[in-house]
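Number of protein chains: 2
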Amino acid sequence: MTQQLTDLADHLDATDPLAHVRDRFLLPEGVVYLDGNSLGPLPAAVPPVLEDVVHRQWGTDLIRSWNTHDWWQAPLRVGDAIGALIGAAPGQTVAGDSTSVQLFTALSAAAELRPDRPLLVTDPEHFPTDRYLADSVGRLHGRQVRRVAPADLPEFLDEHGDQVAVISYSPVDFRSGELHDVAALTRAAHRVGALALWDLCHAAGAMPVHLDDLGVDFAVGCGYKFLSGGPGAPAFLYAAERHHDSWRTPLSGWTGHAEPFGLQADYVPAPGIARARIGTPPILSLLALEAALTAFDGVDLAQVRAKSLSLTGFFLRCAEELLAPEGFEAVTPAEPEIRASQVSLRHPHAYGLIQALAAQGVVADMRAPDILRFGVNALCTSHHDVLTAATLLQRITSAGDYDPVPQEPGTVT
Amino acid sequence: MTQQLTDLADHLDATDPLAHVRDRFLLPEGVVYLDGNSLGPLPAAVPPVLEDVVHRQWGTDLIRSWNTHDWWQAPLRVGDAIGALIGAAPGQTVAGDSTSVQLFTALSAAAELRPDRPLLVTDPEHFPTDRYLADSVGRLHGRQVRRVAPADLPEFLDEHGDQVAVISYSPVDFRSGELHDVAALTRAAHRVGALALWDLCHAAGAMPVHLDDLGVDFAVGCGYKFLSGGPGAPAFLYAAERHHDSWRTPLSGWTGHAEPFGLQADYVPAPGIARARIGTPPILSLLALEAALTAFDGVDLAQVRAKSLSLTGFFLRCAEELLAPEGFEAVTPAEPEIRASQVSLRHPHAYGLIQALAAQGVVADMRAPDILRFGVNALCTSHHDVLTAATLLQRITSAGDYDPVPQEPGTVT
Chain A
0 MTQQLTDLAD HLDATDPLAH VRDRFLLPEG VVYLDGNSLG PLPAAVPPVL
50 EDVVHRQWGT DLIRSWNTHD WWQAPLRVGD AIGALIGAAP GQTVAGDSTS
100 VQLFTALSAA AELRPDRPLL VTDPEHFPTD RYLADSVGRL HGRQVRRVAP
150 ADLPEFLDEH GDQVAVISYS PVDFRSGELH DVAALTRAAH RVGALALWDL
200 CHAAGAMPVH LDDLGVDFAV GCGYKFLSGG PGAPAFLYAA ERHHDSWRTP
250 LSGWTGHAEP FGLQADYVPA PGIARARIGT PPILSLLALE AALTAFDGVD
300 LAQVRAKSLS LTGFFLRCAE ELLAPEGFEA VTPAEPEIRA SQVSLRHPHA
350 YGLIQALAAQ GVVADMRAPD ILRFGVNALC TSHHDVLTAA TLLQRITSAG
400 DYDPVPQEPG TVT
Chain B
0 MTQQLTDLAD HLDATDPLAH VRDRFLLPEG VVYLDGNSLG PLPAAVPPVL
50 EDVVHRQWGT DLIRSWNTHD WWQAPLRVGD AIGALIGAAP GQTVAGDSTS
100 VQLFTALSAA AELRPDRPLL VTDPEHFPTD RYLADSVGRL HGRQVRRVAP
150 ADLPEFLDEH GDQVAVISYS PVDFRSGELH DVAALTRAAH RVGALALWDL
200 CHAAGAMPVH LDDLGVDFAV GCGYKFLSGG PGAPAFLYAA ERHHDSWRTP
250 LSGWTGHAEP FGLQADYVPA PGIARARIGT PPILSLLALE AALTAFDGVD
300 LAQVRAKSLS LTGFFLRCAE ELLAPEGFEA VTPAEPEIRA SQVSLRHPHA
350 YGLIQALAAQ GVVADMRAPD ILRFGVNALC TSHHDVLTAA TLLQRITSAG
400 DYDPVPQEPG TVT
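Line order of the protein sequences matches chains A and B.
As numbered in numbering that gives the first Met the number 0, residues 0 to 412 make up the first sequence, in order.
As numbered in numbering that gives the first Met the number 0, residues 0 to 412 make up the second sequence, in order.
This is how it looks when you write it as structure tokens:
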């Protein structure tokens, strides 16, 4: 049985059109890294760029680098590079700040574009920061937040749609890896005159996203998961061009001013997406992200999606053959149309098992109370990585070679 | 006359107790850098730390570094390191985000601590982002913003003090380099029950600041000027401990939650300053800032202040002897008590002169329309640097060796 799986992994890796892209990452020896959906691995392009940014740009050229190395335009330049990965034509995406800050901006802007609608609607299972920021924006803008499961959203909108300013959801359930239907939910929102905001943290770089084509209004996402921009890499914000004349941002920092160096008395927002710039951006982290994005050069996101599905499909097969007998239950959907770039397995000793895997060089993470979560990144994960992880997990579990301690949350999504 | 100045520079540099600290910076050959109040130079401690952070921490240890290299506590750890430079006992300062975002947090929190007071008061000559954010917070919290010059503030508070929620000022006029009286204005605010917020961008690391002793309520500042943390280095926020039970932050990101890994449904703010954490911080930029702060190890801020005054005093003397005859007017006060760590000179061809200086290796900046601004950093500027700049400026001006083009704003404060 395992020989069959080995042969299959051999075949799938040998015919993988993205196999060569793995060399664009500096993966540590002896580690199978299946946590790129928390923190992407180090792209080989990053260290030489950072070396240049630190020594030549900052150290030698000093303040002049804002112009000579065009630090000034980096938030828009990097934004456009991310835009190319999420179906956004240039001029609609800015990079900077954190996802939380970008969520605050997008939700505030959306609320102000629908001033007479009292409801902000979000997912009860949304990543916490999305829920917390929705509550905060609701409070500051005098709106109420309703938490409605994606499956119930169309019905909710049928009933209360004229009260809804914006729906705020993610394409990916970060626990289960189930995909929600961005197209259908965006349409449902628009049918009732609401706006649609999508959090792409677990989607950007992992699959094609078609923001422009789907008519999405706002989107946000982080730079450190599938974009591999480094720990805490700047986030991004997309605002559809049709809102550019009318949207208002709450964080009216000087770099988003129409004349940032004019030192004017009053805030006049820059045209377009530039008004979502806030303060001076963290250039080291931002230019590391820019370098990291070159790992996508010449890579077709349809290929990324195909390989991601191949990896997760293979993982699910390994899980069925090797892990189901050990008491693991696959949480991630088998249907490829609704499967994101991760495999989540349920086991009561998730925490101890993830620790035992890590001790033997397979890095994944867990979500309380009982989910083992394995992210695959089509740019640098192989089918053999998947097989190694599944085989080791089977061996550890069957041997009882782990500490069945109570789960303890502890890492960063 | 110039020989006298040279002898004086020799003497002052030879007897400078901070002379050895200059070696903690990697200053480029052939450059006199007097723009550290826009972007501090590269501390020697930064490159090896970044190398380690990128290759070993991110590249090799990957996601585990949140724990094993304690990335998680970095915002609080770096915050305390900055706190030590601004008179803040530990546990009151957090590092992260940009000054603009921190201003938004501090102003919002202050407004909510004084719910019945309709006025936010700020400086009409404040750095633009401070004014813009005050307007935005006023709008979102239903308050009015009044712009009152520091000199008029005591009288304004006598008349309208019971209406004032918070005063928001900087100790330093970023154009002229004049110091405002933090102690007196904070007292004046407190006398009428208002809170005091100080923007320390041009003060932190340049002079002693006594936040705790003066009873300041909130303070913010950037990491990239006198703290030399690198381009766009994370900013900081100070909130006095006495507010920690009651303050509320608008940007309720997950990292500021009491149980950030608990994935709870509702936001419960962390105790203390930690609730001012927002999203995942840009670790590369944040740890570069942390390394940069080691340039202050063993350095007494009273010595920093004494040397800064020696440098600016010497600059003013050079200006009087060499530059006044060429039509330059000193804008920075001669009185040391009210002089910050810069010298600003007025000349109608400020822009062209700053360009001509830069072409010959003396880097300073200008503020529209007619201010040449020279920052001195006591950690790495020498009296000979000052003399070189003044002598070159005298030579360029008397020879007419510059382009008398109209001023054109263009660099970052």
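We treat Cβ as the ideally placed atom computed from N, Cα and C, and that holds for glycine.
Quantities reported herein were computed from a predicted structural model and do not represent experimental measurements.
(message) Check whether chain A comes within 9 angstroms of B/P114, counting only Cβ atoms and requiring the distance to be less than that.
(response) no
(message) For B/W253, which residues in the same chain have their Cβ closer than 6 angstroms to its Cβ, ignoring the five residues on either side in sequence?
(response) P259
(request) Output yes if chain A places a C-beta closer than 9 angstroms to the C-beta of B/W197; else output no. (result) Output row for B/W197: interface = no.
(message) Restricting to Cα atoms, I'd like to know which of A/A294, A/T98, A/R138 and A/A264 is closest to A/N434.
(response) Because chain A in this structure spans residues 0 to 412, residue 434 of chain A falls outside the shown range and cannot be described.
(message) Once DSSP output is grouped into helix, strand and coil, what is the label at B/F173?
(response) B/F173 carries a coil assignment under DSSP once its states are collapsed to helix, strand and coil.
(request) Check whether the stretch 231–246 of chain B touches the stretch 49–58 of chain B, counting contact only when three or more Cβ pairs, one atom from each stretch, lie closer than 8 angstroms. (result) With the cut-off at 8 angstroms, the stretch 231–246 of chain B and the stretch 49–58 of chain B do not touch.
(request) Consult DSSP for B/R366 and reduce its assignment to one of helix, strand or coil. (result) strand
(request) Quick one: give me the first and last residue of the alpha helix (DSSP H) that B/W65 is part of. (result) That run of the alpha helix (DSSP H) goes S64 to T67.
(message) Which same chain residues end up closer than 6 angstroms to B/A291 when comparing Cβ atoms and leaving out the 5 residues on each side of it in sequence?
(response) P42, V45, S227 and G228
(request) Determine the burial state of B/G29: buried for a count of at least 16 other Cβ atoms within 10 Å of its Cβ, exposed for fewer. (result) exposed
(request) Name the residue from A/V144, A/D212 and A/F373 whose alpha carbon lies nearest to the alpha carbon of A/V342. (result) A/F373
(message) Please report whether the beta-carbon of B/C379 lies at a distance below 9 angstroms from any beta-carbon of chain A.
(response) no
(message) Let me see if you follow: with CB-CB separation under 9 angstroms, is B/L49 close to chain A or not?
(response) yes
(request) Could you tell me how far apart the beta carbons of B/R345 and B/V361 are, in whole angstroms, since I believe they sit closer than 8 angstroms? (result) Not quite, the Cβ-Cβ distance comes to about 18 angstroms (not below 8 angstroms), so this is no contact.
(request) Give every residue of the same chain whose Cβ lies closer than 6 angstroms to the Cβ of B/H382, excluding the five residues on either side of it in the sequence, and list them in chain order. (result) Taken in chain order, the residues that qualify are A8, L11, D12 and F313.
(request) Determine the extent of the alpha helix (DSSP H) in which B/Y416 is found, giving its start and end residues. (result) Any answer about residue 416 of chain B is impossible in this case: the structure gives chain B only from 0 up to 412.
(request) For A/S107, count neighbouring Cβ atoms within 10 angstroms of its own Cβ and tell me buried if that reaches 16, exposed if not. (result) buried
(request) Could you name the residues of the same chain whose beta carbon sits closer than 6 angstroms to that of A/G176, not counting the 5 residues immediately before and after it, in chain order? (result) T331, A339, Q341 and S343
(request) Taking only the alpha-carbon atoms, compute the straight-line gap between A/K306 and A/T14 and give it to the nearest angstrom. (result) A/K306 and A/T14 have their C-alpha atoms roughly 11 angstroms apart.
(message) Using 8 angstroms as the cut-off, can you tell me whether the stretch 178–189 of chain A makes contact with the stretch 141–152 of chain A, which would need three or more C-beta pairs spanning the two stretches below that distance?
(response) yes
(request) Mind checking which residues open and close the beta strand (DSSP E) that includes B/F225? (result) No beta strand (DSSP E) contains B/F225, which DSSP labels as neither H nor E.
(message) Does the CB of B/W253 have a neighbour CB from chain A at under 9 angstroms?
(response) yes
(message) Against chain E, which members of the stretch 222–250 of chain A pass a CB distance test of less than 8 angstroms?
(response) Of the protein chains in the structure, A and B, none is chain E.
(message) In whole angstroms, give me the CA-to-CA distance for A/G278 and A/F103.
(response) Approximately 15 angstroms, taken between the alpha carbons.
(request) Excluding the 5 residues preceding and the 5 following A/T5 in the sequence, name in chain order all residues of the same chain whose CB lies nearer than 8 angstroms to its CB. (result) Only L386 meet the Cβ criterion.
(message) Can you look up A/I85 in the DSSP assignment and give me helix, strand or coil?
(response) The answer is coil: DSSP assigns A/I85 none of H, G, I, E or B.
(message) Does A/V330 come out as helix, strand or coil in the three-state DSSP assignment?
(response) Of the three classes helix, strand and coil, the one that applies to A/V330 here is coil, per DSSP.
(request) Answer yes if the stretch 196–203 of chain B comes into contact with the stretch 119–131 of chain B, meaning at least three C-beta pairs across the two stretches below 8 angstroms, and no otherwise. (result) Per the Cβ contact rule, the stretch 119–131 of chain B is in contact with the stretch 196–203 of chain B (3 or more Cβ pairs under 8 angstroms).
(message) Which residues in chain A have a C-beta closer than 9 angstroms to the C-beta of B/P46? List them in chain order.
(response) E50, V53, H54 and G58
(message) Within 9 angstroms of any Cβ in chain B, is that where the Cβ of A/I62 sits?
(response) yes
(message) Less than 9 angstroms between CB atoms is the rule here; does B/I277 satisfy it with respect to chain A?
(response) yes
(request) Count the CB pairs spanning the stretch 264–278 of chain A and the stretch 83–97 of chain A that are closer than 8 angstroms, and state whether there are at least three. (result) Yes, since at least three Cβ pairs between the stretch 264–278 of chain A and the stretch 83–97 of chain A fall closer than 8 angstroms, the two stretches touch.
(request) State the DSSP-derived secondary structure class of A/G131, mapped to helix, strand or coil. (result) Reading off the sequence, residue 131 of chain A comes out as Tyr, not Gly. Three-state result, A/Y131: helix.
(message) Given a cut-off of 9 angstroms on the beta-carbon distance, is the pair A/L283 and B/S64 in contact?
(response) no
(message) For B/V120, report the span of its beta strand (DSSP E) as first-last.
(response) L118 to T121
(request) Sort B/S135, B/P324, B/L119 and B/M206 by Cα distance to B/S167 and report the nearest one. (result) B/L119
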